[in-house]
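Student: Residue numbers (the numbering used here), protein chains in the order written: chain A, 1 to 139; chain F, 1001 to 1139; chain C, 2001 to 2139; chain P, 3001 to 3139.
We put the CB at the ideal spot given by N, CA and C, even for glycine.
The structure's right below; bear with me while I get my questions together.
There are 4 protein chains.
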Amino acid sequence: MLTIERQVRFEEVDAAGILFFARYATYAHDAMERLFDGLAGGYVALTMKRRIGMPAVRLNCQFSAPLRYGDIACITVSTTRIGNRSVELGYRIVRKHDGVLAATLGHTVVTTDLDRLRSCDMPADVRALLTAHLDAAAP
Amino acid sequence: MLTIERQVRFEEVDAAGILFFARYATYAHDAMERLFDGLAGGYVALTMKRRIGMPAVRLNCQFSAPLRYGDIACITVSTTRIGNRSVELGYRIVRKHDGVLAATLGHTVVTTDLDRLRSCDMPADVRALLTAHLDAAAP
Amino acid sequence: MLTIERQVRFEEVDAAGILFFARYATYAHDAMERLFDGLAGGYVALTMKRRIGMPAVRLNCQFSAPLRYGDIACITVSTTRIGNRSVELGYRIVRKHDGVLAATLGHTVVTTDLDRLRSCDMPADVRALLTAHLDAAAP
Amino acid sequence: MLTIERQVRFEEVDAAGILFFARYATYAHDAMERLFDGLAGGYVALTMKRRIGMPAVRLNCQFSAPLRYGDIACITVSTTRIGNRSVELGYRIVRKHDGVLAATLGHTVVTTDLDRLRSCDMPADVRALLTAHLDAAAP
């Protein structure tokens, strides 16, 4: 489990004045990348040097409260299931100033050879990292 | 049912060279807005003048094939269920050049008073529009 | 000279409710890409197949009126100067509903080998295209 | 003078694999907002509560080196000129890992009543803050 904070930016809200719903997935991806900081070189080296990435095959979001410009989102990410090549990640996004749950997300990603865009075996260090963050009871 | 086309822009791909997964939801929202073009003034007048919007409470995405810069996405939107204040929309995103299904999305939105950010009754013209696009079999 | 129209999207405004200033440059790039539709395969083939792009080395923007959600921007692009490897493009962005000038932009780009990220000679077809759109009097 | 660090995100690069040029202005705005953290409540309270903002009237960018996914940008912002209602800000964006200058930006903003979108007098605390960061020799 890992929690990051991210403040809603001036340009991330929509014409209704709240964080645009698609950007919750961007926030989740941000937390996933920070999870991979546990690997040497992080997600940057994994994708850009080793050419292995974790594209999404499934995304589920439940939105329960809006986030406005300036709100700080606390994004907690855990691994909820580890398959052969795929992984399920769970996220809780909480509004910091009042502790209200803003969203929960489920995100299934697949270990992928980025040059061929085909699934590939999960490297041992990736599996170890994701296992260390396993929390089957999350999000 | 309504289908729009949208070309993947230069700045919409990610470091893996494919449409960033969160942007599929943006594409879906674009199609939803075009659906509302059936109302006088479209989604713009609904949100900015009448101050009624349709924020998401749930989003499900299944990603099945990548989209690259320049690919044309054909986004088909239908109403799949109409509740009292909520509506379920279904989307299919197809890669135009080869007809491959790139993603399907389910999107539940709630009629909302944007000044108070509380759910409100669905106006009759909104209900009529969404009913006209009802296709319970979509996807 | 080429003019495109682009409607300000729900998610493109900022917390002040107007098109975020950085997105004017995105709109300009969109018009530049449409200019390159005059080449076989457009900017997509130029960058992705021939691996030649036109990254910016300079950008000047004058903002004179805001654009709001739903406003249609008319973006006119011209070539204003053609150098050996660089080109200056000028843009005028006009708010369609009242004809008010929203912004003018100057944009210098350099013919670049995208694999090495170094400037390269301008291909003859690119030069011919840009010459056809030359209007030294444009902003 | 204030310097912030911001890492280039997975979804911020373009199809050429480098930070999309319009996003440099977003990075600059981010630094400007951090400058306003010197006010009580920051830029958030200024815009959302006091309804005073600083929209751009002019932006100049010189791009000198690309930024790639994972690169850390060091963004230094200073006030370069303070007028009656307008302010000029200068920015230097340096690539952290090798110290190379990636871009310099000049950015003129105007104190604006956000409800009427008209220029207004600069509040004393805003002027004091901007004066404290004055460095006429920047960007």
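His1029/F versus chain E: which residues are under 9 Å apart at the beta carbon?
Tutor: Looking at the structure shown, chain E is missing, and the protein chains on hand are A, F, C and P.
Student: Compare the C-alpha of Asp2135/C against each of Ile2052/C, Arg2081/C and Ala2056/C and name the closest.
Tutor: Closest option to Asp2135/C, Cα to Cα, is Arg2081/C.
Student: Does the beta carbon of Asp1037/F come closer than 8 Å to any beta carbon on chain P?
Tutor: Chain P contact via Cβ: absent.
Student: Indicate whether the contact test is met: 3 or more Cβ pairs, each with one atom in the region 16–27 of chain A and one in the region 1015–1023 of chain F, closer than 8 Å.
Tutor: Yes, they touch.
Student: Would Thr3104/P and Val3126/P be called neighbours here (beta carbons separated by less than 8 Å)?
Tutor: No.
Student: Taking only three categories from DSSP, how would you classify Asp3125/P?
Tutor: Correct three-state label for Asp3125/P: helix.
Student: Ordered along the chain, which non-local residues of its own chain (more than five positions away) have a Cβ less than 8 Å from that of Arg3068/P?
Tutor: Excluding residues within five positions, the ones whose Cβ falls inside 8 Å are Val3008, Val3013, Gly3017, Ile3018 and Leu3019.
Student: If you check the beta carbons only, do Tyr2091/C and Ile2075/C fall under 8 Å apart?
Tutor: Cβ distance < 8 Å, so Tyr2091/C and Ile2075/C count as in contact.
Student: Let me check understanding here. Comparing Cα to Cα, which of Ser3119/P, Pro3066/P and Leu3114/P lies closest to Val3100/P?
Tutor: Nearest C-alpha to Val3100/P: Pro3066/P.
Student: When you compare the CB of Asp1014/F with every CB in chain P, is at least one pair closer than 8 Å?
Tutor: It does; some Cβ of chain P falls within 8 Å.
Student: Going by CA-CA distance only, name the one from Cys61/A, Ser119/A and Ala45/A that's closest to Asn84/A.
Tutor: Among Cys61/A, Ser119/A and Ala45/A, the Cα nearest to that of Asn84/A belongs to Ser119/A.
Student: What residues in its chain sit with their C-beta under 6 Å from that of Glu1033/F, if we drop five residues either side in the sequence?
Tutor: So the list reads Tyr1043, once near-sequence residues are dropped.
Student: Closer than 8 Å by beta-carbon distance: list the chain P residues that pair up with Met48/A, in chain order.
Tutor: Under the 8 Å cutoff, chain P gives Arg3068, Tyr3069 and Gly3070.
Student: Nearest chain P C-beta to Phe1020/F closer than 8 Å, yes or no?
Tutor: For Phe1020/F, the answer is yes, since a Cβ of chain P falls inside 8 Å of its Cβ.
Student: For my contact list, Val57/A and Val109/A are in at a C-beta cut-off of 8 Å; report their separation, rounded to the angstrom.
Tutor: At roughly 7 Å, the Cβ-Cβ gap stays under 8 Å, so Val57/A and Val109/A are in contact.
Student: Figure out for me which residue from Arg1095/F, Ile1052/F and Ala1137/F has the closest Cα to the Cα of Ala1124/F.
Tutor: The residue with the shortest Cα to Cα distance from Ala1124/F is Ile1052/F.
Student: Between the alpha carbons of Asn2060/C and Ala3031/P, how many angstroms are there, rounded?
Tutor: Their Cα atoms are separated by approximately 19 Å.
Student: Report yes or no: is there a C-beta of chain F within less than 8 Å of the C-beta of Leu2/A?
Tutor: Output row for Leu2/A: interface = no.
Student: Which runs of the alpha helix (DSSP H) at least 4 residues long sit entirely within the region 1041–1112 of chain F? Give them in chain order.
Tutor: Whole alpha helix (DSSP H) segments, 4+ residues: 1042–1048.
Student: Looking at the C-beta of Leu2114/C, does it have a partner C-beta in chain P at a distance below 8 Å?
Tutor: Chain P contact via Cβ: present.
Student: What's the C-alpha gap between Gly2041/C and Met3122/P?
Tutor: Answer to the nearest angstrom: the Cα atoms are 51 Å apart.
Student: Can you tell me the Cβ-Cβ gap for Met1054/F and Ala15/A, rounded? I've got them flagged as a contact below 8 Å.
Tutor: 12 Å between Cβ atoms; not a contact.
Student: Using a Cβ-Cβ cutoff of less than 6 Å, which residues in the same chain neighbour Ile4/A once the five nearest sequence positions on both sides are dropped?
Tutor: Closer than 6 Å at Cβ, skipping near neighbours: Ala31, Arg34 and Ile75.
Student: For Leu2129/C, I'd like the list of residues in its chain whose CB is within less than 8 Å of its CB, leaving aside the five on either flank, ordered along the chain.
Tutor: Closer than 8 Å at Cβ, skipping near neighbours: Leu2035, Phe2036, Gly2038 and Leu2039.
Student: Among residues of its own chain, excluding the 5 on either side of Ile1093/F, which ones have a beta-carbon nearer than 6 Å to its beta-carbon?
Tutor: Same-chain partners within the cutoff: Ala1073, Ile1075, Ala1102 and Ala1103.
Student: Strictly below 8 Å CB to CB, what residues from chain P border Ala2137/C?
Tutor: Under the 8 Å cutoff, chain P gives no residues; its nearest Cβ is about 21 Å from Ala2137/C.
Student: Is the separation between the beta-carbon of His133/A and that of Thr79/A shorter than 8 Å?
Tutor: Result yes, Cβ atoms of His133/A and Thr79/A sit closer than 8 Å.
Student: Is the shortest distance between the beta-carbon of Val1044/F and the beta-carbons of chain C less than 8 Å?
Tutor: Closer than 8 Å: yes.
Student: Can you tell me whether Leu1130/F is helix, strand or coil according to DSSP?
Tutor: It is helical.
Student: Roughly how many angstroms separate the alpha carbons of Asp2115/C and Leu2046/C, rounded to a whole number?
Tutor: Those two C-alpha atoms are separated by around 13 Å.
Student: So, with DSSP's three-state summary, where would you put Arg9/A?
Tutor: Coil.
Student: Strictly by DSSP, which residues pair up with Arg3116/P?
Tutor: BP columns for Arg3116/P are empty, so no partner.
Student: Please report the distance separating the alpha-carbon of His3097/P from that of Gly3106/P.
Tutor: Spanning the two alpha carbons is a distance of roughly 24 Å.
Student: Find the nearest neighbour of Thr1131/F within the set Ser1086/F, Arg1006/F, Arg1050/F and Arg1095/F, judged by alpha-carbon distance.
Tutor: Of the candidates Ser1086/F, Arg1006/F, Arg1050/F and Arg1095/F, the one whose C-alpha sits nearest the C-alpha of Thr1131/F is Ser1086/F.
Student: When the distance is taken between beta carbons, is Met1/A closer than 8 Å to Ala137/A?
Tutor: Not a contact, by the Cβ cut-off of 8 Å.
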